[in-house]
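In what follows, a structure is listed as structure tokens, so that the remarks can point back to it.
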Amino acid sequence: MQKREKLTVAWRGATAPVPDIIFVDVTETAAPPALKPIRVAALPPIQRKTVEQEHYGNVMRLLDGWAEWIRTGEPIAEGAPRQCLGAPDARIHSFEDMEIEVNKRLVREVNTVVWDLSVIEREAVMTHYGLKTRGVWRADFVKVFDQAVDSLFKMLKDRVAC
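As numbered in my numbering, the sequence shown has no gaps in its residue numbers, which increase by one up to the final residue, 162.
In structure tokens form, the structure reads like this:
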């Protein structure tokens, strides 16, 4: 095998030493030299979730945001906004303002769907988040809460991306 000449580049700045690169001519009769195996770091296995688990997690995040908003006592402000989103006086002047408006919209949608649940499912959601005001229902609210999350997903999937 014939080696080519070394290629040297003049650089005036200080650089770290770089190992020489050796070019090897490969022809039809000569096979390329064997490559050294690259050491790959052992990565942890990818945790796979089922679609149902992902939906459950998404609905739980939406419910968590809804419960935080309800606990603050802020008005939900159902109905149409006074002005359109793109108007200069629409109270949106930055990305953070737009994020707040989106969060308000999500809270409104989740609030509407929670109140559309059956009474026992709604009570399970309220009990789970400590928002229960009445104690007249007797049920296994842990099981009913899981059922309520499934119902919420079925109702929310057409309204918001979950």
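Don't be surprised by glycine CBs; every beta carbon is placed ideally from N, CA and C.
Every value quoted in this text rests on a predicted model; they were computed, and no experiment measured them.
query: What separation, rounded to the nearest whole angstrom, lies between the Cα atoms of residue 64 and residue 122?; result: 15 Å
query: If you draw a straight line from the C-alpha of residue 153 to the C-alpha of residue 94, how long is it?; result: 31 Å
query: For residue 65, does the three-state DSSP call read helix, strand or coil?; result: helix
query: Here's a check: name, in chain order, each residue in its chain whose Cβ is nearer than 8 Å to the Cβ of residue 60, leaving out the five neighbours to either side.; result: 149
query: Going by Cα to Cα distance, which pick from 103, 104, 140 is closest to residue 120?; result: 140
query: On a Cα-Cα basis, can you pick out the residue from 117, 74, 29, 160 that is closest to residue 109?; result: 160
query: If you run the structure through DSSP and keep just helix, strand and coil, what is residue 129?; result: coil
query: Please return the same chain residues whose Cβ sits closer than 7 Å to the Cβ of residue 155, not counting the five positions on each side in sequence.; result: 113, 116
query: Measuring CA to CA, which of 28, 29, 157, 69 is closest to residue 111?; result: 69
query: For residue 67, count neighbouring Cβ atoms within 10 angstroms of its own Cβ and tell me buried if that reaches 16, exposed if not.; result: buried
query: Where does residue 157 fall in DSSP's three states?; result: coil
query: Any idea what DSSP makes of residue 108, helix, strand or coil?; result: helix
query: In whole angstroms, what separates the C-alpha of residue 130 from that of residue 98?; result: 29 Å
query: Residue 124: buried (16+ other C-beta within 10 angstroms of its C-beta) or exposed?; result: buried
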